[in-house]
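In this note's numbering, the protein residues as written are 64 to 696.
Where is the CB? At the ideal position from N, CA and C, for every residue including glycine.
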C-alpha cells in the first residue's frame with residue numbers, strides 16, 4: 064500500500080497544473096512584443112531569452128505576428144514536448160509577407176509548469192547566441208532618361224570623385240590640405256574647409272566630381288593631388304547626360320541626396336541615395352529612382368562591446384527585392400540637342416534655341432545658353448517677340464479680310480494716340496510706300512502692320528495666337544510657358560502688340576510652336592515628355608487650309624526676298640522664315656536693349672532662336688539658326 068501511495072503521489076506532482084497552450088500563448092505574445100520577461104523559460108536559457116530586446120533592437124520596431132501551437136498530443140504526466148512557432152513578418156508593408164516556422168521545446172517537472180527551452184534559432188533559422196537581427200536597404204537601380212528613339216540621355220557614367228580622405232592626413236594638417244585641394248579644384252576653399260571639419264574622423268569629403276571622359280582634367284588633378292596629404296581620386300558612377308551642357312536647365316541634375324532632400328522625402332531617401340535635385344530629374348524622381356527593397360539579415364556582434372561586427376559578413380535570411388526605376392521618356396534628339404547646346408556655348412549673352420518636329424509636335428531640342436545661369440529661358444522665359452509675332456498678326460489680318468497681294472502703306476513712321484512708331488534702322492527704302500501685304504511681311508514693315516491694328520484688335524490677336532499654339536494652358540508634364548497675349552483696350556498697346564511689342568510675350572518654345580503650327584496646318588502642342596501631360600482644350604478657331612497656305616507663302620517670301628535671304632541657298636527643302644528684333648528695357652536716360660529673334664521651317668523641322676541682347680534678328684539669331692539647320696543631322 065505504501066508503494067502504491069508513493070506512486071500516486073508522484074503522479075499528482077507531475078499532473079498538469081497549466082497546459083502547454085498557456086505557456087505557448089505567453090511565448091507568442093512575448094515574441095510579438097519583443098520581450099520574453101513574462102514567459103516561463105528554463106533557468107539555463109533565461110539569459111539568452113532576456114537578450115531578445117537586443118536581438119531585435121536594430122529592426123527599428125519591426126516585429127512579427129506569431130502563432131505558437133503544440134506539435135504533438137501532450138499526454139498526462141509527460142515532462143517534455145515540442146511546439147511549432149509560426150512567424151509572419153512584414154519588412155515592407157506593401158510586399159508579400161515573410162513567413163516561416165520554427166520548432167521549440169517545452170519541459171516541466173514536479174516543481175514547475177511548462178517552460179520554454181529558449182534558443183536563438185527558435186526566433187530565426189541560423190541565429191546563434193551573440194548574434195542580432197538587422198535590416199539592410201536593397202537599393203533600386205535608378206532608371207535612365209531616354210530621348211528620341213529611346214536612346215539613353217541620362218545614364219550611369221564613369222566619374223572620378225576628388226576629395227579629402229581624413230584617415231590619410233593628420234588632424235593638424237587637415238585644414239591646410241583642404242585649402243590646397245580646393246585651390247587645385249578651383250572651388251570655394253572656406254566652404255570646403257567647413258565641410259571637412261564637420262565630417263567624421265573616417266570621412267572622405269568630396270570636393271569635385273569629374274566625368275571619366277575628361278581624361279586630361281583627371282590627369283591634371285591626379286598630378287596635383289599627389290602633392291597634397293589626404294587627397295584622393297575615387298572611381299565611381301553618377302547619372303549624367305552626354306555632356307555638362309546637354310539640356311542642363313531642362314533635365315536638371317541628379318546626385319547624392321542632400322540633408323534637406325532626405326528630410327523632405329519622409330523616409331523614402333537615406334544619406335547616400337541618388338536623387339533628382341533639379342529640373343525634370345527632380346520632378347520625376349519618384350519614377351526614376353524606383354523603390355528600394357529590404358533584406359533581413361543576421362549580424363554578428365563583437366563580443367568585446369556587443370556592437371555590430373563590421374568585419375564579418377552578414378547572413379541574409381529574407382529579401383524583399385527592390386523595384387527598379389521606370390525610364391523617363393523624352394522627345395529630345397541627342398544630335399539636335401548637342402548641336403544646339405554647342406552653338407549657344409559661344410554666345411556671351413543669354414540665348415535659347417528650340418527645335419520642334421511639326422508632324423508630331425515633338426521637341427527635338429530645347430537649349431538655353433550658359434550665360435543664362437542655368438535658367439531654362441528657352442521654355443520658361445518671357446520676352447517680347449518682336450516681328451516674329453507678325454506671323455500671328457498676319458493670321459489675324461488674313462481673317463479680317465486682308466490678302467497677301469493686297470496693297471498696304473509702309474511709311475517711315477506712324478502715330479497712334481500720340482505714340483510714334485517707326486521701322487527698324489536698316490529697313491530698305493525700296494520697300495517704303497504702297498507695297499503688297501506679302502512685301503510688308505517679307506521686309507517686316509512695322510508701320511504697315513500698325514496701320515491695320517483696328518481691323519483685328521486685342522481679341523483678334525488672342526484668337527490667332529491660340530490657333531497657332533500661344534496661350535495654351537495645359538499641363539504637358541514639364542515646366543513651360545508658351546506666352547501671353549493680354550486683353551487691352553488701349554489703342555497704343557494694341558498697336559504695339561501687332562509688331563510683337565508692348566505686353567505680348569513668348570519665348571523660343573512659343574515662337575517655334577507658332578512656326579510648327581503653320582507647317583502642320585493645325586495648332587501644334589509641343590511635346591517634350593512622352594505621355595507626360597494632358598491634351599489642351601480645342602482651339603476656338605482652328606487654322607484653315609487657305610490660312611496655312613497664305614502664311615507659308617508669306618514666310619517663304621521672307622527667305623526669297625526679305626530679311627531671311629541668307630537662308631535662300633541652304634540645301635534641302637525650301638525654308639520658310641521670319642526675323643524679329645524686339646526692344647526691351649530703357650528709360651528716360653537709358654537706351655532700350657534689343658532681343659534678336661529668328662524662326663524658320665525646313666521640311667519637318669521648326670526652329671526658333673533668341674539672343675537676349677542681340678543687334679537684330681538676322682544679325683544675331685540668324686547665323687545660329689543657319690548653322691543649326693546645316694549641322695543638326
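Round the Cβ separation of residue i and residue j to the nearest angstrom and send it over; I've been treating them as touching at under 8 Å.
i, j, result
"residue 270", "residue 227", "7 Å"
"residue 644", "residue 680", "5 Å"
"residue 451", "residue 662", "5 Å"
"residue 702", "residue 112", "An answer regarding residue 702 cannot be provided, because it is not within the stretch 64 to 696 covered by the chain."
"residue 377", "residue 199", "7 Å"
"residue 55", "residue 691", "The structure shown does not extend to residue 55, since the chain spans only 64 to 696, so no value can be given for it."
"residue 458", "residue 527", "4 Å"
"residue 433", "residue 308", "7 Å"
Report yes if the CB atom of residue i is closer than 8 Å to the CB atom of residue j, and no otherwise.
i, j, result
"residue 154", "residue 359", "yes"
"residue 150", "residue 134", "no"
"residue 582", "residue 519", "no"
"residue 186", "residue 118", "yes"
"residue 596", "residue 539", "yes"
"residue 129", "residue 179", "no"
"residue 421", "residue 252", "no"
"residue 162", "residue 147", "no"
"residue 572", "residue 684", "no"
"residue 122", "residue 197", "yes"
"residue 658", "residue 677", "yes"
"residue 510", "residue 470", "no"
"residue 364", "residue 195", "yes"
"residue 375", "residue 353", "no"
"residue 116", "residue 98", "yes"
"residue 397", "residue 221", "no"
"residue 447", "residue 567", "yes"
"residue 554", "residue 501", "no"
"residue 391", "residue 350", "yes"
"residue 293", "residue 240", "yes"
"residue 570", "residue 399", "no"
"residue 512", "residue 503", "yes"
Tell me whether residue i is buried or exposed, calling it buried when 16 or more other Cβ atoms sit within 10 Å of its Cβ.
i, result
"residue 333", "exposed"
"residue 70", "Unreliable placement is indicated for residue 70, whose pLDDT of 38 sits below 50; no coordinate value is reported for it."
"residue 440", "buried"
"residue 73", "Because residue 73 carries a pLDDT of 41, less than 50, the predicted location of this residue cannot be relied on, and the following value inherits that uncertainty. Exposed, because fewer than 16 other Cβ atoms sit within 10 Å of the Cβ of residue 73."
"residue 551", "buried"
"residue 297", "exposed"
"residue 78", "At residue 78, the pLDDT of 47 sits below 50, so the modelled position is not reliable and the matter cannot be decided from this model."
"residue 585", "buried"
"residue 598", "exposed"
"residue 66", "Residue placement at residue 66 is flagged as unreliable, the pLDDT there being 40, under the threshold of 50; the coordinate-derived value follows with that caveat. Residue 66 is exposed by the Cβ-count criterion."
"residue 483", "exposed"
"residue 437", "exposed"
"residue 81", "exposed"
"residue 282", "exposed"
"residue 557", "buried"
"residue 425", "buried"
Please determine, among the options, the residue with the shortest C-alpha to C-alpha distance to residue i.
i, options, result
"residue 232", "291, 215, 98, 203", "291"
"residue 575", "567, 587, 523", "587"
"residue 157", "356, 399, 601", "356"
"residue 141", "630, 216, 175, 253", "175"
"residue 258", "563, 171, 229, 421", "229"
"residue 295", "266, 653, 314", "266"
"residue 388", "485, 206, 432, 525", "206"
"residue 418", "318, 590, 383", "590"
"residue 636", "245, 561, 664", "664"
"residue 514", "97, 542, 238, 480", "480"
"residue 548", "319, 306, 456", "456"
"residue 172", "139, 427, 160, 196", "139"
"residue 170", "629, 522, 143", "143"
"residue 310", "497, 435, 262", "435"
"residue 137", "108, 84, 94", "84"
For chain C, is any of its Cβ atoms less than 8 Å away from the one on residue i?
i, result
"residue 277", "Of the chains in the structure shown, none is chain C; there is only one protein chain."
Practice problem: Report the residue ranges of all alpha helix (DSSP H) runs contained in full by the segment 322-357; include only those spanning at least 4 residues, in chain order. | Solution: 322-327, 342-346, 348-352
Practice problem: List in chain order: all unbroken beta strand (DSSP E) runs of 3+ residues lying wholly within the segment 494-522. | Solution: 496-499
Quiz prompt | Runs of alpha helix (DSSP H) lying entirely within the segment 546-592, each at least 4 residues, in chain order | solution = 554-561, 571-583
Quiz item: In the segment 586-626, which residue ranges form an unbroken alpha helix (DSSP H) of at least 4 residues, counting only runs that do not cross its ends?
Solution: 608-624
Exercise. Please list the segments of the alpha helix (DSSP H) lying wholly inside the segment 201-239, counting only runs of 4 or more residues, in order along the chain.
Key: none
Self-check item: beta strand (DSSP E) runs wholly inside the segment 429-483, at least 3 long, in chain order
Solution: 470-473, 476-479
Self-check item: Every unbroken alpha helix (DSSP H) inside the segment 237-313 [4 residues or more]
Solution: 237-248, 252-261, 278-288
Quiz item: Whole beta strand (DSSP E) runs in the segment 117-200 with 3 or more residues, listed along the chain?
Solution: 128-133, 143-152, 161-170, 178-180
Self-check item: Segments of 3+ residues assigned as beta strand (DSSP E) that fall wholly inside the segment 374-412
Solution: 378-383
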